[in-house]
Each structure stands twice: as C-alpha cells, then as structure tokens.
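*Asks:* Listed in order, the protein sequences are those of chains E and B.
The first sequence begins at 1 in the working numbering and counts up one residue at a time.
The second sequence begins at 380 in the working numbering and counts up one residue at a time.
All C-beta atoms, glycine included, are put in the ideal place defined by N, C-alpha and C.
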Amino acid sequence: MTVFKAYLKVLNKNKWMVILYTVILIFFAGFNMKTSDTRGFVTEKPDILIVNEDENIGITKHFINYIKENSNIKEIKEDENARNDALFYRDVNYIIYIPKNFRIDFLEGKNPEIKVKSTGDYMAFLSEMLVERYFKIANIYKSIETNEEKLEMLIENTLQKETEVEMTSKLDTDTLTKAAYFYNFANYSILAGSVFVICFIISSFKEEKVRKRTIVSSHNYRKYNRELLLSNSLFAFTLWLFYVLLSFILVGKAMLTSHGIVMILNSFVFSFTSLTLAFFIGNLISNKEAISGIVNVIALGSSFLCGAFVPMEFLPDFVITISHILPSYYYISNNEMVKTLEIISLESLQPFFINIGMMLLFSLLFIVLTNIVTKRKSS
Amino acid sequence: MKNIIEVKKLTKMYKNLKAVDNLSFEVKEGEILGLLGPNGSGKSTTMNCMLSLLEFKEGTITIFGKEMKPNAYDIKKEIGVVFQDVALFEELTVYDNMDYFCGLYIKDKRTRKQYIEDAIKLVGLEDFKKFYPKQLSGGLLRRLNIACGIAHKPKIVFLDEPTVAVDPQSRNNILDGIEKLRENGATIIYTTHYMEEVEILCDRVIILDKGIIIAEGTPDELKELANMEEKVSVYIEKLEEKHIEEIKKLKNVSEVTYHNSNLIVIYNKGKNNLISLTKYLEKERISYDKIYSERPTLNDVFLELTGKELRD
Numbered sequence: 001m002t003v004f005k006a007y008l009k010v011l012n013k014n015k016w017m018v019i020l021y022t023v024i025l026i027f028f029a030g031f032n033m034k035t036s037d038t039r040g041f042v043t044e045k046p047d048i049l050i051v052n053e054d055e056n057i058g059i060t061k062h063f064i065n066y067i068k069e070n071s072n073i074k075e076i077k078e079d080e081n082a083r084n085d086a087l088f089y090r091d092v093n094y095i096i097y098i099p100k101n102f103r104i105d106f107l108e109g110k111n112p113e114i115k116v117k118s119t120g121d122y123m124a125f126l127s128e129m130l131v132e133r134y135f136k137i138a139n140i141y142k143s144i145e146t147n148e149e150k151l152e153m154l155i156e157n158t159l160q161k162e163t164e165v166e167m168t169s170k171l172d173t174d175t176l177t178k179a180a181y182f183y184n185f186a187n188y189s190i191l192a193g194s195v196f197v198i199c200f201i202i203s204s205f206k207e208e209k210v211r212k213r214t215i216v217s218s219h220n221y222r223k224y225n226r227e228l229l230l231s232n233s234l235f236a237f238t239l240w241l242f243y244v245l246l247s248f249i250l251v252g253k254a255m256l257t258s259h260g261i262v263m264i265l266n267s268f269v270f271s272f273t274s275l276t277l278a279f280f281i282g283n284l285i286s287n288k289e290a291i292s293g294i295v296n297v298i299a300l301g302s303s304f305l306c307g308a309f310v311p312m313e314f315l316p317d318f319v320i321t322i323s324h325i326l327p328s329y330y331y332i333s334n335n336e337m338v339k340t341l342e343i344i345s346l347e348s349l350q351p352f353f354i355n356i357g358m359m360l361l362f363s364l365l366f367i368v369l370t371n372i373v374t375k376r377k378s379s
Numbered sequence: 380m381k382n383i384i385e386v387k388k389l390t391k392m393y394k395n396l397k398a399v400d401n402l403s404f405e406v407k408e409g410e411i412l413g414l415l416g417p418n419g420s421g422k423s424t425t426m427n428c429m430l431s432l433l434e435f436k437e438g439t440i441t442i443f444g445k446e447m448k449p450n451a452y453d454i455k456k457e458i459g460v461v462f463q464d465v466a467l468f469e470e471l472t473v474y475d476n477m478d479y480f481c482g483l484y485i486k487d488k489r490t491r492k493q494y495i496e497d498a499i500k501l502v503g504l505e506d507f508k509k510f511y512p513k514q515l516s517g518g519l520l521r522r523l524n525i526a527c528g529i530a531h532k533p534k535i536v537f538l539d540e541p542t543v544a545v546d547p548q549s550r551n552n553i554l555d556g557i558e559k560l561r562e563n564g565a566t567i568i569y570t571t572h573y574m575e576e577v578e579i580l581c582d583r584v585i586i587l588d589k590g591i592i593i594a595e596g597t598p599d600e601l602k603e604l605a606n607m608e609e610k611v612s613v614y615i616e617k618l619e620e621k622h623i624e625e626i627k628k629l630k631n632v633s634e635v636t637y638h639n640s641n642l643i644v645i646y647n648k649g650k651n652n653l654i655s656l657t658k659y660l661e662k663e664r665i666s667y668d669k670i671y672s673e674r675p676t677l678n679d680v681f682l683e684l685t686g687k688e689l690r691d
C-alpha cells in the first residue's frame, strides 16, 4: 500500500491535466454530436431569374410555372449588366433566357435553344437539373401528342409522380454516429490522459536516485514494480470507465445496444494499448519536461492522422497509408465500421476482430520494447 | 566490539578499469568508519557493492554474519542509506516523502508516524513538514535527504558525502545529527573527501586511492604516518636563500619551503620549535607576519603516502 498511497498523491498532483483532457473531449465531441443531426431533410430551392422574350402562354407558361414551383424566382431590372452583377454576387444562381417564338418553334419540333447563365455552384447544378428534367419529359411526349393542352397535361402528370422510399434498416444511424464521434474523440483523451499521467508517474518513481533508494530498501523490488504496474493499470481502467460513463450520459441508451457494447469493447482494448504505450514511453524518457511535448506529438499527431478530429474520408490517401502504423487507426476504423453494421454477428465483426488483433499486437510490441529499455537501463 | 560488516577481497571492474582492487576491511558495531579518498578513489563503488547496488567480480561481503545479496531483505531492513545526490519526490511534501521512504521499511502506521517525527526532530525540519522539496533551500534538502534515509532507525547507516554543497549552518546540523545517531547505537560508514569531518566524527578511517587501501587506523594513528610532528607557516615578505639554508639547519627541521612569501617549516619531532624559529627570525632582523603552528592533518598523511593532495 505504501507505493499505491504515494502513487495516488503523485496522481493527485496531475489531476488537472486529466480534467483538461476530459473537458476537451466533452467540448469537441459534444459540439460535433450536436452538429451531426442526420434526421430529416430540408429541400433547398435555387434562386432563378427568368428572362422571357416569348409570349407567356401555352407550353412556355407551363414551363415557367414549373420552374416557379421548384425555385425562388428573382426579379432583376431589364439590364444585362444588372443580371451579370446578380450572378456575380450570388443573388441568383441561374438565369434562363427563353427566346422569342420559343413556344411555336418547340411545338413545330425545331428544338429552340434555351440559353442559360449560371454561377457554377451546386445550386446552379440543381437549376440545370430542373430545366433538363422538364425538357426531357416534354420532348418524349411531343412525339406522340401534338395537342398543346394534352401535352401539358401529360407533362404535368409525369412531373407530379413521386417515388415512395421505405427505409428497411432499423439502424439508429444518428445515435450511432454520435457514439462514433464520441469514441473517436476519446482516442485523443485516452491517449493523452494515459500517456501524460503514467509517464509522469513512472518518471517520478523510476527516477535514478529514487530507484536506487528503493532498491536498497527492504521492500521487495519486484513487488514494488508489480505495485506500480497495478496502480498504473488501475488508473488506466478508471480513466476508461469514466469515459464509458460519460458516453452513457452524452449518447444515452444506445450504448447498451450490441453496437454500443462493441464500441465500448473497442475502447477497452485501445485503453490497454495506450497503457502499454505509456509504459514504454515512461521507461524510455527520463526528463519530465519532455513529457508534455511527447504527449502532444503522440496524442494530437495520431488523432489528426487517423481521423479522430477530421473524418477519414476527408484525409488524403497518403495520410491514411501512414496512419496504418499507428494503433489509433485500427481503433477509429472499428468505430467507423461498427456504426454502419446492419447486424452484429461473429461473421460481420470479422474485420473488427482483425483490428482488435492489430491493437493487441501493438500492445505486445510496446511490452517487448519496454522490457528491452528497462533491462538496458538497469544494466 | 564484534564485526558487523566484513568485506573480503572485494574486486570490482568497470570493463578494463579496476575500480576496487582486492579490498578487505571490517566495520565494528557502534563505530563510525570513515572512507576517505579523492574523487574516483573507489569510495562510492565500495559502498554500492556493499549495498548490492553493483555486482562485483570477486570477494564476499557479509553483514550481521550473513552474505549480502540483492534479495537479502532481512539485512536491508537494518540498513539506512543517504546518497550523495538528493533522492526525493518533488510532488510530495516533506512529511509525505518521509512517510513513503520510511514506509518501504516500516509497515505499521503508528510506529512509522513516531519514527518520522523523531527523524524530523533529529534533522531540525519541524517547521517544514508541509513544504514541497522545491520550496526548501539546498541545506534543508540535504537534511530531508538524510531524514528519509535514517527515519526507520537502522542499525547501520551509510552516508555518502552528505555535506557536499551545504551551507555551514546545515553542515553543523548534519554533523550533530550523525553524532546523535552514533549515541543511539548506530554503526556508520561515512564516505567523504572532507578530512576535517573525518577527524571530528570518525573512530576509524580507511584511506583509499585508485581502489586500494593505502592506510587504515584511527585518525591519530594515521597522523603518525605523516612523518612529521609539527608544521609552522610564516608570512615573510622577502627571504634570502642563505636564510632558508640556515633555517634548514635548525633543530628538528626536516623540510623547508618558501613560495609566494609563505615559509613552511616542517618538524619531524620535538618541542618549542615555534620559539626557536621566531628567535632566529628576530636575531636576523627579518620582519614577519601571520605565524601559526599546526599538527599534521589527514591530508598530510595522504600527501606523504601518495605524493598528491586529497582534493587534487
């Protein structure tokens, strides 16, 4: 208990760093979870200006009405410079120029050309889709129907048709996305918290002079090392448990589903890998001043490279390739995979277990390296 | 007094360098043994071998009649060590540091608390219990370092240069503390290169050089090896060569040196040497200043035996 008691006292000196990493986690994960609401859609309408030089009757009128229904029609004064300015300043996304005699030329099959100007953005693309859709349908019916009124009716009926889509998946993607956000961000907090605190404590307890004093004492040195190992493991476990509880508070009951439990299991294995990494670094370095820098490089570096802060799909291929050498990659990949899994089964979890295996291999590597470092130091 | 520590034919090699060469000595119960020697003479290596901190090539070390090994925890329980470098937790207070290091030996909470209070009193840190090491001066840190090493009331205490870089007040406090430890019955092995401390504290002294014992005995016994009885130093602004030659011919004089206006006359025996020298100077009308006589020191012994000074 002597070692454990001193451990707690030294740990107490570092509590603010753990609190800081937790606040960062809550702030960033909470912010992303708030802005990641994927429920429902809001239809957007482009801003369109129609310059009609034809008579507003028949098929021309029908086309203009269709555009009006599906966009925000803007009124700009009859001046080409003013129209260009409106486009430049994004007051309109799209300008449709309907030429003189358009209606008659269209009905006579002369394929009159409709000129357009666009901003080139996605709203302009949406406007273009509207125009193309209308004339594709109109051209099809024009070959079988010559009566203008009937033609308008046929076009209208087709445009009114809607396809009903039924979601067969019962996956709560929104909540699972939130959970994945939280656990991806936890990559930083678990790594930084474990590495900082454990490195700091190891460098205090294994500082050469203190170590010598401990070796010459009547306290069994192996037992001392074991106590230190257990204390650090207990800290890492407590930190993990705390973040799991936090995920229950922030994400809710979804953490009790099979998806949530798999994510928790993933974070447990990652915490173990972080613990072994912290042991390795703690035994490697002897300068306390260097710890903060090393923590920043490891925790921030791997979080950025492996997609904890920026989703993997936005990262360049070469970054993803580099991130394969970091355990965080396998941890975050698992979170991203689990949130999209329709069914949790041994078969569907095969890639998950491969990633878990990779994390455990990293742990083994860190344990071997720690042994090499400690043996070299003690000799 | 029985032997409490026995070192026999101890040899320690650092690659091709013999740091300690065939060293044999014993430490008697209740005595203060001084290990004296210049830097690199093998004092700390010998001590580290005795504490099983270093593996050695040849020899045996027995403490309380048992062989000292890294896992000899029953022996280690009775040993306290104060290293030259301050070994403390920066994150723990004075009391917590002592509680931790004492806790490595004493498991009973109540006994430990009492022992810590005693040690704090011994080194005079009563007013600093709640201070952190970085809030203490160098001297107070050294005192805390000592307190952490002896709080468990060991029977044998190893002190490795405990007064290095310490202010005079703390130094006196530390030396007083060591005296008190002896009064309480502890056996002390004291390594230092400060001969004055050895002369004040130690019952017996071992002088080491290049890993071998060059002299061993009580401070008085060792001084007899210096081949001198008295050393007289006189400040004389200017002294002619003929006068130096005449002083050499005075009774009992064995050696005369004159350098930087300092005349040093060494006598191998006899009384009234100082009077005879002053009479000669007055007769020759040589004006002088700052004259003093001193007995041989352990440094003189070392000089006599090795041709170099302890602090070289």
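Answer with buried or exposed for B:K602, where buried requires no fewer than 16 other C-beta atoms within 10 angstroms of its C-beta.
*Replies:* Buried, by the Cβ-count rule.
*Asks:* So does the stretch 271-280 of chain E actually touch the stretch 234-243 of chain E, counting three or more Cβ pairs closer than 8 Å?
*Replies:* Counting Cβ pairs under 8 Å, three or more are found: they touch.
*Asks:* Any beta carbon of chain E sitting closer than 9 Å to that of B:Y484?
*Replies:* For B:Y484, the answer is yes, since a Cβ of chain E falls inside 9 Å of its Cβ.
*Asks:* From the DSSP output, in three-state form, read off B:R583 for me.
*Replies:* Three-state result, B:R583: strand.
*Asks:* Would a check of beta-carbon distances place B:K436 closer than 9 Å to chain E?
*Replies:* It does not; no Cβ of chain E falls within 9 Å.
*Asks:* Determine, for E:E227, whether the minimum Cβ-Cβ distance to residues of chain B falls below 9 Å.
*Replies:* Judged by the 9 Å Cβ criterion, E:E227 is not in contact with chain B.
*Asks:* Hey, does E:R213 have any beta-carbon neighbour from chain B nearer than 9 Å?
*Replies:* Yes, its Cβ sits closer than 9 Å to a Cβ of chain B.
*Asks:* Can you pull the chain B residues whose beta carbon is under 9 Å from the beta carbon of E:A278, in chain order?
*Replies:* The premise fails here: E:A278 is roughly 18 Å from chain B at the closest Cβ pair, so nothing lies under 9 Å.
*Asks:* Where do the ends of the alpha helix (DSSP H) carrying E:T273 lie?
*Replies:* Looking at the DSSP string, the run of the alpha helix (DSSP H) that includes E:T273 is 258-284.
*Asks:* Looking at chain B, is there any beta carbon in it that lies within less than 9 Å of the beta carbon of E:E289?
*Replies:* No, E:E289 lies away from the interface with chain B (no Cβ there is under 9 Å from its Cβ).
*Asks:* Does B:K456 come within less than 9 Å of chain E when only Cβ atoms are used?
*Replies:* So yes, B:K456 belongs to the interface.
*Asks:* For B:I568, does the count of other Cβ atoms within 10 angstroms reach 16, so buried, or fall short, so exposed?
*Replies:* B:I568 comes out buried.
*Asks:* At the 9 Å Cβ level, is B:P449 part of the contact set with chain E, yes or no?
*Replies:* So, interface residue.
*Asks:* Do E:S203 and E:G282 count as a contact pair if the criterion is CB distance below 9 Å?
*Replies:* Against a cut-off of 9 Å, the Cβ pair of E:S203 and E:G282 comes out as a contact.
*Asks:* Using the C-alpha atoms, what's the distance from B:D478 back to B:G518?
*Replies:* Cα to Cα, the separation comes out at about 20 Å.
*Asks:* Residues of chain E with CB under 7 Å from B:A466, in chain order?
*Replies:* What B:A466 touches in chain E: K209, V210, K212, R213.
*Asks:* Does the Cβ of B:E470 have 16 or more other Cβ atoms within 10 Å, making it buried, or fewer, making it exposed?
*Replies:* It is buried - the Cβ of B:E470 has at least 16 other Cβ atoms within 10 Å.
*Asks:* So, is B:L587 buried or exposed, given that buried needs 16 or more other C-beta atoms within 10 angstroms?
*Replies:* Under this definition B:L587 is a buried residue.
*Asks:* Can you give the Cα-Cα distance for E:D105 and E:I59, rounded to whole angstroms?
*Replies:* Answer to the nearest angstrom: the Cα atoms are 11 Å apart.
*Asks:* Tell me which residue opens and which closes the beta strand (DSSP E) that B:H531 is part of.
*Replies:* Premise fails: B:H531 is in no beta strand (DSSP E) and is neither H nor E.
*Asks:* If contact is defined by three or more beta carbon pairs under 8 Å, each pair taking one atom from either stretch, is the stretch 171-183 of chain E in contact with the stretch 419-432 of chain B?
*Replies:* In short, these stretches do not touch, since the Cβ pair count stays below three.
*Asks:* Hey, how far is the Cα of B:E663 from the Cα of B:P675?
*Replies:* Each residue's alpha carbon lies about 28 Å from the other.
*Asks:* Please determine if the stretch 397-417 of chain B and the stretch 460-475 of chain B are in contact, where contact requires at least 3 C-beta pairs separated by less than 8 Å.
*Replies:* No, the stretch 397-417 of chain B does not touch the stretch 460-475 of chain B.
*Asks:* In chain order, what residues of the same chain lie with their CB nearer than 6 Å to the CB of E:S71, ignoring the 5 residues before and after it?
*Replies:* Answer for E:S71: K45, P46, I48, listed in chain order.
*Asks:* Can you have a look at E:I144 and say buried or exposed, based on whether 16 or more other CB atoms are within 10 angstroms of its CB?
*Replies:* Exposed, since its Cβ has fewer than 16 Cβ neighbours within 10 Å.
*Asks:* Compare the Cα-Cα distances from B:H531 to each of B:Y511, B:A565, B:Q514, B:N551 and report the closest residue.
*Replies:* Nearest of B:Y511, B:A565, B:Q514, B:N551 to B:H531, Cα basis: B:A565.
*Asks:* So B:V460 and B:F537 are supposed to be a Cβ contact under 8 Å. How far apart are they, rounded?
*Replies:* Yes, they are in contact, since the Cβ atoms of B:V460 and B:F537 sit about 5 Å apart, within 8 Å.
*Asks:* Using the beta-carbon of each residue, which ones in chain B are nearer than 7 Å to E:T374?
*Replies:* Ordered by position in chain B, no residue passes the 7 Å Cβ test against E:T374, which lies about 16 Å from the chain.
*Asks:* Beta carbon of B:V543, beta carbon of B:I525: below 9 Å?
*Replies:* No, the pair does not count as a contact, with Cβ atoms beyond the cut-off.
*Asks:* Of all the options B:S640, B:G556, B:G649, B:I411, which has the alpha carbon lying nearest to the alpha carbon of B:S666?
*Replies:* Comparing Cα positions, the closest option is B:S640.
*Asks:* Measuring alpha carbon to alpha carbon, tell me which of B:E410, B:E625, B:Y393, B:V680 ends up nearest B:K658.
*Replies:* Residue B:E625 is the option with its Cα nearest to B:K658.
*Asks:* In whole angstroms, give me the CA-to-CA distance for E:T22 and B:V399.
*Replies:* Between E:T22 and B:V399, the C-alpha separation is close to 55 Å.
*Asks:* If you compare alpha carbons, which of E:N14, E:N334, E:Y7 is closest to E:A180?
*Replies:* The shortest C-alpha separation from E:A180 is found at E:N334.
*Asks:* Whole angstroms are fine: how far does the CA of B:I495 sit from the CA of E:G252?
*Replies:* Spanning the two alpha carbons is a distance of roughly 51 Å.
*Asks:* Would you say B:C527 reaches chain E, if we count a Cβ-Cβ gap shorter than 9 Å as a contact?
*Replies:* With 9 Å as the cut-off, B:C527 counts as an interface residue toward chain E.
*Asks:* In the DSSP output, what is E:G357 paired with across the bridge?
*Replies:* DSSP lists no partner for E:G357.
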